[in-house]
Structures are given as C-alpha cells and as structure tokens.
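One rule links them: number in the numbering used here = place in the sequence shown (from 1) + 1011. Ideal Cβ placement from N, Cα and C applies to all residues, glycine included. Read the structure below first, then the notes.
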Amino acid sequence: MGRPARFMRPMILVILVAGILAAFGLMMIYSSSSIVAMSSADYNNDPAFFLKSQARNLVLGVLIASVIARIEYHDLARRFTFWFWLLMMVLLVIIQTPIAGSDMYGATRWISIGGFSLQPSEFVKPLLIVTSGMIFEQYFEERSTNSKEFLIQLAIFVALPLFFVVIQPDKGTTLIIIMTIICMLYLAGVRGKTIGVLIAIGFALFLLLSLRDSYSLARIQTLLNPWGDRYRSSYQMIEGWYAFGSGGLFGTGIGSSHQKYAYLPMAYNDFILAIVGEECGFVGCVGVLVGFVILLIQSFKIGNQAPDLLGRLIACGSASMLVIQLLVNICGVLGMIPLSGKPVPFLSYGGSSIISTCMLVGLIISVSRSSMIARDEHDRARETFHVTDGPGAGRGAEAQKGYRVSSASFMVLPGGASNQLHSRRASSSDVRNSAGQGYYSGGSGVSAPTERRERPARPRLNSKVDAGYNRRRRDARDPRRHTRRR
C-alpha cells in the first residue's frame, strides 16, 4: 500500500531541493560563462559551451545516483565499497605519474587521457563516508572490533586515501573530508571533549602543512593582507567582493553581471556564488543557503529513521559534507579563510564535482528507501489492507459476517493491529460512518463491525431536580414548547 508519509516526505524534499539547486546551477553557469566561452576559440565561440558540458555531466550524475538509490545501502557498503576503494587507490596513484597526471592551478589533481579529464579526489568523498560509516558501526554499535583493529582499519581504508589527496596537494578536499568524519564521529557517540581535541589536532596539522607549502603560504598572506597585492594574488578575491557589493539586496538581474566580463576569473567555478550575489543579490544568496539548510534537515530526518548506525552515518554524513563544502567555499570567497578552490555543490561548473554531488544524494535516498523503523499502529493497520477484484466483489460474504461494506475496491480485514486500532477509535468519530463510509478509506472500504459505546448513566438526583432536567431536555428538542412556556 506504499510507504508512510513520514518516510516519503523527507526523501521527496531532498530530491526536490537537489533538483532545484541543480537547475539553478545550470542557469548561473550559463549566465557566468557565456561571455568567456563566446569570446574564446578554445570553446568554439559557443556561449552555451559550459552549459552543455555541465548538462551532460548532470545527466550522467543523475543516472549514477539513481542506480545507487535503488541498491540497498548495506549491499553498497559490503559488496561494492572495497572494489571502489581499490579503483580510487589506483587512480590516486596514477595522478602522481607523468603518464596521466595533469597539472592545473599549482596542483596535480586531474587525470587527462585523450580529451577526458577526471578528478579522483571528488569521488573519494562519497567513498570515505561509506567506509568510515562501516568502520564506526563495527566499533561503536556492533562491538565486533577492538581498539587496535579499529585504528588499523582507519589507517588503511581512510588515512591512506587521504594521504594521496594531501600530496596532490588538495587541502580543501582534505579539510572537507576530515570535518565530515569528525561530524560522523560525534553522531556515532564520541564525547564532545574528544571531538574538540580532534578538531584542535586537525587544525594544527592543517596549519603546519600550509606553512610548509609556498603556494598555500601565499594564500594565507593574501588572507591577512588582501590589499597588499591588489592586482596579483588578491585580484580574484577582491573582484569577488566587488561582485557581492554590486548586487545589493535584489541584484542586478539574471544575466546582467558586469564582473563576468573577464573581470572575475573562474566566475563559473569556485566564484560562482559571487555572480549569484551580483545578479540575484542578498536575497538570492540567502535562497541558496535556505535550500542547503532544508537539504540538511531532511537528510538528518532520514538518518534518524534509519534502522542502524550505518544508515544514520551515511545519510547525515553525506548531507554534512555538502554543507561543509558550501561553507568552505563561502568563507574562502568572503576572505574568512584562505581560498581552497572548492566548488559550490550543485552550482559550480565541474564534471567530477556534479557527479560526486549526485552520488551523495543517491546515498541519502538509498538510506531513505530502507528507513522502516518506528513502525506505529498506523503502519501495522496499513499492512492489513487487501485489494479486492473490483467494486462489489465479495460483499455478500462480508455482509453476512456483519461487516460494513461500501463502494471501495479495498478492505481492512479484522485481526492484528488494525482491529486494536479500530476498536479504540470506534467509540468516537468512527460511529458516524454507518452510512457506508469506512474509517481507513475516507469514504470507501470495508471495516470490522463495531459496537456503539453506551452513554454512562447520569447520577440519580431527587425527583424535583430530575423532573426539571427532563423538562428542559424536552423543551430543547421542541422549540414550540419552549416558546409557549416563555
């Protein structure tokens, strides 16, 4: 008969919000990239070059997410995760070789073969969510591993892929993954003090790695003094500020940005939020944030409905990763943290990014499809619904048994939870359905016979008071008697 609304509503909202954000992202990619693409022969002078590319990748991502959503998340974790982990390790090693590794923007993060480009670190993010969830479930809930085995598994299946991501270097992805894993540890039951220590250790290691790298050190110096190198290292960030300032409250209008005319580099990628702020204003930026908040809340509802810790960690971890990546991008664009180059999920241009984002949404939906805990009396009553052969089928037999029969093509059979639920409610609103309306069907159906609850006897008073009581009742039933007495 279908799934309960409390399971379907969060899943539908997640799909709806993800679709709206992805569609809005396509529109903003076209708006922010059309001038650059139209003026460059490298993009065939096609103003829709980036839009077409992103649309193809989005379709591929939706197909992959649909496959993930249809597979039960326990099967994903136990049958496919290990092989996907091996594939990612192979790709992360290949990046470091001159055969396929591609250097862009001071880092080696892409595999370029033929005209095809792939960023494996984007696919490490959903992989490590599932892998960490499995390890945490075995240690915190199932108690099937001891502390030594727990640390060994973390070192091999989580820390090793992270090491290859760090040496690319890709500190932004590393930061997002580590913060997501810390959130998952908190959800798994780790104490707040331990979480605070882990955050402090992670911040110290991140700062140490940044100080050792001249490229990252330059970004820290830019953050501390953005106007010191106005036309070189700080140029992109300052132009992003101009875009935000030009938008005002409601923006200049879709397609009316001035900064996209070669003033703001990579306006369609990691600085697309600045174009959103210029064209849609403060209201548009708040709308994007509200969309991600809705996605986060509904995903946590799905996680709370998951039957075990693994499902809870996968759903909440996937949503937390999307929001953390958004915050990392916003803080970088606004100059609150060093620029990381991380795209905005759903909005920014990038094939690997949009496919990875769709995979995270697919994981959330996979958990939602398996959410069947907290079954209440309504769910148990729903399981007793049966479909008949058609209107009127079997009515004679049901009427002989004393059942109320109406024009519906389904019925509620007696027994189990439905009888208990029906008997508890028969004394109130259901007794008014004697005109052929079944309780569960909302006007149609067959339900078990009920007995009208007798009105409790009124306390007996003295004869004079009782006679006045009966006279008032007769007057109320007959207005003419009431008028004559007056």
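- The segment 1337–1377 contains no complete alpha helix (DSSP H) run of 4 or more residues.
- Judged by their CB atoms, Q1309 and A1285 are not nearer to each other than the 8 Å cut-off.
- Within the segment 1268–1326, the runs of alpha helix (DSSP H) at least 4 residues long that lie entirely inside it are, in chain order, 1283–1315.
- When the alpha-carbon of V1378 is set against those of S1363, G1362 and G1314, the nearest one is in G1314.
- Beta-bridge partners of S1128 (DSSP): S1123.
- The beta carbon of G1264 sits closer than 7 Å to the beta carbons of E1290 from its chain, once the five residues preceding and following it are set aside; these are given in chain order.
- Separation of I1163 and V1169 (C-alpha to C-alpha, rounded to the nearest whole angstrom) is 10 Å.
- In this structure, D1281 lies near K1353, with their beta-carbon atoms less than 8 Å apart.
- Assigned with DSSP and collapsed to three states, R1081 falls in helix.
- The beta carbon of I1046 is closer than 8 Å to those of P1058, K1271, Y1272 and A1273 in its chain, skipping five residues each way along the sequence.
- Around the C-beta of Q1107, fewer than 16 other C-beta atoms lie within 10 Å, and the residue is accordingly described as exposed.
- In this structure, the alpha-carbon of G1298 lies about 45 Å from that of E1160.
- In the displayed model, T1205 falls within a helix according to three-state DSSP.
- Rounded to the nearest angstrom, the gap between the Cα atoms of L1074 and S1051 is 32 Å.
- For L1235, the enclosing alpha helix (DSSP H) stretches over residues S1225 to L1235.
- When the Cα atoms are used, D1240 and Y1246 turn out to be separated by approximately 8 Å.
- Distance from Q1336 to I1187 at the Cβ level is roughly 5 Å; contact confirmed, criterion being Cβ atoms closer than 8 Å.
- When DSSP states are grouped into helix, strand and coil, R1067 belongs to the helix group.
- With fewer than 16 neighbouring CB atoms inside 10 Å of its own CB, W1238 falls in the exposed class.
- By a beta-carbon distance limit of 8 Å, G1328 contacts I1140. Their separation comes to about 4 Å.
- In this structure, the straight-line span from the alpha carbon of L1129 to that of A1066 is close to 16 Å.
- By the Cβ rule, the segment 1340–1354 does not count as touching the segment 1091–1107, because fewer than three pairs are nearer than 8 Å.
- Comparing alpha-carbon positions, the option among A1016, R1020, M1019 and L1024 lying closest to V1304 turns out to be L1024.
- Between M1195 and G1144, the beta carbon gap of about 7 Å places them in contact (Cβ cut-off 8 Å).
- Residues of the same chain with a CB within less than 7 Å of the CB of R1230, apart from the 5 flanking positions on each side, are P1349 and L1350 in chain order.
- The closest CA to that of R1154, considering only F1060, L1320, G1346 and I1366, is found on L1320.
- The beta carbons of I1079 and G1373 sit closer together than 8 Å.
- The alpha-carbon separation between I1146 and T1184 amounts to approximately 21 Å.
- Distance from the Cα of L1027 is smallest, within the candidate group G1302, L1198, W1252 and N1068, for G1302.
- Contact annotation: S1043 and S1363 have beta-carbon atoms that are not nearer than 8 Å.
- Separation of T1191 and Y1242 (C-alpha to C-alpha, rounded to the nearest whole angstrom) is 35 Å.
- With contacts defined as CB atoms closer than 8 Å, W1096 and L1138 qualify as a contacting pair.
- Around the C-beta of A1211, fewer than 16 other C-beta atoms lie within 10 Å, and the residue is accordingly described as exposed.
- About 6 Å separates the beta carbon of V1294 from that of L1260, a gap short enough to meet the 8 Å contact definition.
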